[in-house]
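Quick note, the sequences are listed as chains A and B, same order. Quick note on numbering: the working numbering labels position 29 of the first sequence as 32, and the sequence is numbered without any gaps. Quick note on numbering: the working numbering labels position 11 of the second sequence as 108, and the sequence is numbered without any gaps. Even for Gly, the Cβ is constructed at its ideal location relative to N, Cα and C.
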Amino acid sequence: MTPDDIRARIRAALPDAEVSVTDTTGGGDHFDATVISSAFAGKGPVERHRLVYAALGDVIIGPSAPIHALALTTETPEEYQRK
Amino acid sequence: MNDELRKRITDTIARGRVMLFMKGNPAMPQCGFSAAVVGILKQTGVTFDSYNILADPELREGLKEYSSWPTYPQLYVDGKLVGGADIVRDLHAKGELAPLLSAAQ
């Protein structure tokens, strides 16, 4: 997996999303991602993460999925601007 | 998922009001993210139970499906998924974790 693959999958499911992804170990299996999307409005952290996991699908779900770890920060555009 | 596995999952989640599914055990975590959550829980002083999913491949995969959550650790409070390492870390940083855990005492 590359950060670009991950970004593309998230954008396909959440078209308005601003996505930045880092490969934290350089090994293509541990990533750090920040996703900013209006789709997160009104949702708690667990539901927000589930939206991103569903967008990634079989690259993170399942025993042989190539992504082993994904540290996620999820914000709405309003939350991002408030910082 | 068969009913037997589903029941084993719900029974295991119900073993403790604060229940951590992790890689390894609190004394010897086998993953940095599991270690981080153990460290935070210890800081809060809460009593928690844990389950080593590395020793149970069937439950390891079943719980991911049950919770729609693909990675470990997974922290449950009163049977409800609180999140994985980054959510626990975030709640702790915002001072929201301890109240959530103490409500479970």
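Apart from the five residues on each side of it in sequence, which residues of its chain come closer than 7 Å, Cβ to Cβ, to residue i?
| i | result |
| --- | --- |
| B/A195 | T141 |
| B/A182 | F130, A133, V134, P170 |
| B/L198 | V115, T141, V143, V174 |
Is the Cβ of residue i closer than 8 Å to any Cβ of chain A?
| i | result |
| --- | --- |
| B/I178 | For clarity, residue 178 of chain B is Leu in the given sequence; the question names Ile instead. Judged by the 8 Å Cβ criterion, B/L178 is in contact with chain A. |
| B/I184 | yes |
| B/S165 | yes |
| B/D187 | yes |
| B/E141 | For the record, residue 141 of chain B in the displayed sequence is Thr; it is not Glu. No, because no Cβ of chain A sits closer than 8 Å to the Cβ of B/T141. |
| B/E193 | no |
| B/F130 | yes |
| B/T168 | yes |
| B/E158 | yes |
Could you check if residue i is buried or exposed, using at least 16 other CB atoms within 10 Å of its CB as the buried criterion?
| i | result |
| --- | --- |
| A/A36 | buried |
| A/G45 | exposed |
| A/G2 | The structure shown has nothing for residue 2 of chain A, since chain A only spans 4 to 86. |
| B/R112 | exposed |
| B/Q171 | buried |
Can you check which of these residues, the options, is closest to residue i by C-alpha distance?
| i | options | result |
| --- | --- | --- |
| B/Y169 | B/P126, B/A190, B/D187, B/D175 | B/P126 |
| A/D26 | A/H71, A/P66, A/V49, A/R14 | A/H71 |
| A/P80 | A/H52, A/R12, A/G29, A/I39 | A/I39 |
| A/E82 | A/D32, A/G31, A/A42 | A/A42 |
| B/S165 | A/D19, A/T76, A/A16, A/G60 | A/G60 |
| A/A20 | A/A68, A/T77, A/V49, A/D32 | A/T77 |
Please decide whether residue i counts as near chain B, where near means a Cβ-Cβ distance under 8 Å.
| i | result |
| --- | --- |
| A/I9 | no |
| A/R12 | no |
| A/R53 | yes |
| A/Y56 | yes |
Leaving aside the five residues before and after residue i along the sequence, list all residues of the same chain whose C-beta is less than 8 Å from its C-beta, in chain order.
| i | result |
| --- | --- |
| A/F34 | M4, P6, I9, V24, T25, D26, T27, I70, A72, L73, A74 |
Of the residues that make up the stretch 34-50 of chain A, which ones have a beta carbon closer than 8 Å to any beta carbon in chain B? Here the close residues are P48, V49.
Positions along the stretch 58-81 of chain A whose CB lies within less than 9 Å of some CB in chain B: Here the close residues are L59, I63, I64, G65, P66, A68, I70, H71, A72, L73, A74, L75, T76.
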